[in-house]
Amino acid sequence: SKSPISEAYRVLRTNIQFSSLDRPLRSLLLTSANPSEGKSTTAANLAVVVAQTGKKVVLVDADLRRPNLHHFFDVSNQQGLTNLLLADSIDGQDVVQTTSVDGLRVLTSGPLPPNPSELLGSHRFERVLEYLQRDADLVILDSPPVLSVADPAVLASKVDGVLLVVQAGQTRPEVLKQAKEHLARGEANILGVALNKLSLRRSDYYYQYHYYYSSYSSRDASDKGRVKKRRHGGSNHVHTPVESKTIQQ
Numbered sequence: 476s477k478s479p480i481s482e483a484y485r486v487l488r489t490n491i492q493f494s495s496l497d498r499p500l501r502s503l504l505l506t507s508a509n510p511s512e513g514k515s516t517t518a519a520n521l522a523v524v525v526a527q528t529g530k531k532v533v534l535v536d537a538d539l540r541r542p543n544l545h546h547f548f549d550v551s552n553q554q555g556l557t558n559l560l561l562a563d564s565i566d567g568q569d570v571v572q573t574t575s576v577d578g579l580r581v582l583t584s585g586p587l588p589p590n591p592s593e594l595l596g597s598h599r600f601e602r603v604l605e606y607l608q609r610d611a612d613l614v615i616l617d618s619p620p621v622l623s624v625a626d627p628a629v630l631a632s633k634v635d636g637v638l639l640v641v642q643a644g645q646t647r648p649e650v651l652k653q654a655k656e657h658l659a660r661g662e663a664n665i666l667g668v669a670l671n672k673l674s675l676r677r678s679d680y681y682y683q684y685h686y687y688y689s690s691y692s693s694r695d696a697s698d699k700g701r702v703k704k705r706r707h708g709g710s711n712h713v714h715t716p717v718e719s720k721t722i723q724q
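If you count by this note's numbering, then the sequence shown holds residues 476 to 724, one letter each, in order.
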């Protein structure tokens, strides 16, 4: 699909790839400062667009308090991550489930434990993550909000990169800074933020989006790929509802 939302997730995928050119990501954690900022939706759609490039992706629901991913993909949550953490041997063949998206598998949370932080901070979790990475190009983990519980800070030190999902017009800068500081204490590699829930009704967004596609589709073949700038001197740019930006102090 060439819808604005689909294209926005592809832009996010590309930005993440550019942020890790020297060291390709094998594991990525998504979290947010507060609940209901869209981290689970972002994780699910990001996993889909990465899998669409031909990569093998495992999406893990590491939110052992309010899991959502099994609803998104309409799969069972009777067994999942907690079963692998508590089993005598690590064998995910019957636990990691396939989806309708080629190359994308999902590991749901499984039964909710009384001690999520202890399980996620254990050496056993590190072994499970290593197991998942053996047969995947990228493991994406969805976690609880960072200011609500200790789980994301615990997980952040075990993955290659962290992406903060921020709700446009709702998340206050001081709250985002506090979330960043919580993750930094765990030596997290924060790649940036994904600006989520940006209104698609803004007229300037639609103008920029359609200008981008019309400018490339109508370009004369004789240009041979030469990019034309606008008359007022600006360069082509797409304003998408999801952008990756570096967090500033």
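Just so it is clear, CB atoms sit at the ideal spot from N, CA and C, and this is done for glycine as well.
Report the rounded CA-to-CA distance for residue i versus residue j, giving the unit in angstroms.
i: Ser693; j: Glu605; result: Confidence is the limiting factor: at Ser693 the pLDDT is only 42, short of 50, which leaves the residue's position unreliable and the question unanswerable from this model.
i: Ala522; j: Leu630; result: 18 Å
i: Pro542; j: Gly644; result: 25 Å
i: His657; j: Ser511; result: 19 Å
i: Leu561; j: Val571; result: 15 Å
i: Glu649; j: Gln608; result: 35 Å
i: Arg647; j: Lys672; result: 14 Å
i: Thr574; j: Arg580; result: 6 Å
i: Leu727; j: Thr489; result: With the chain covering 476 to 724 only, the question about residue 727 has no answer from this structure.
i: Ile480; j: Gly578; result: 21 Å
i: Ile565; j: Leu500; result: 23 Å
i: Asp563; j: Ala519; result: 29 Å
i: Pro591; j: Arg599; result: 13 Å
i: Thr528; j: Ser551; result: 26 Å
i: Leu651; j: Asp549; result: 32 Å
Going by beta-carbon coordinates alone, are residue i and residue j separated by less than 7 Å?
i: Glu601; j: Ser632; result: no
i: Asp610; j: Ser502; result: no
i: Lys514; j: Val640; result: yes
i: Pro627; j: Asn509; result: no
i: Leu622; j: Ala659; result: no
i: Leu505; j: Leu638; result: yes
i: Leu582; j: Leu556; result: yes
Taking its Cβ as the centre, do 16 or more other Cβ atoms sit within 10 Å of residue i, making it buried, or is it exposed?
i: Phe493; result: exposed
i: Ser584; result: buried
i: Gln568; result: exposed
i: Lys477; result: exposed
i: Arg498; result: exposed
i: Ile491; result: buried
i: Ile615; result: buried
i: Lys530; result: exposed
i: His545; result: buried
i: Ser674; result: exposed
i: Gln554; result: buried
i: Leu487; result: buried
i: Ser697; result: In this predicted model, Ser697 has a pLDDT of only 43, less than 50, meaning its place in the structure is not dependable; the value taken from the coordinates is given anyway. Ser697 should be labelled exposed.
Out of the options, point me to the one whose CA is closest to residue i's CA.
i: Ala483; options: Leu496, Leu500, Val525, Gly578; result: Val525
i: Phe547; options: Val576, Gln653, Asp566, Glu649; result: Val576
i: Pro589; options: Gln527, Leu496, Leu539, Asp612; result: Leu539
i: Leu594; options: Asp612, Val581, Leu559, Asn520; result: Leu559
i: Gly761; options: Val624, Asp612, Val581; result: The first residue shown for the chain is 476 and the last is 724, placing residue 761 beyond what the model contains.
i: Gln642; options: Thr517, Ser481, Ser495; result: Thr517
i: Asp617; options: Val486, Ser507, His598, Arg485; result: Ser507
Is the stretch 662-674 touching the stretch 531-542, taking contact as three or more C-beta pairs under 8 Å? Taking one beta carbon from each stretch, the stretch 662-674 and the stretch 531-542 have fewer than 3 pairs nearer than 8 Å; the two do not touch.
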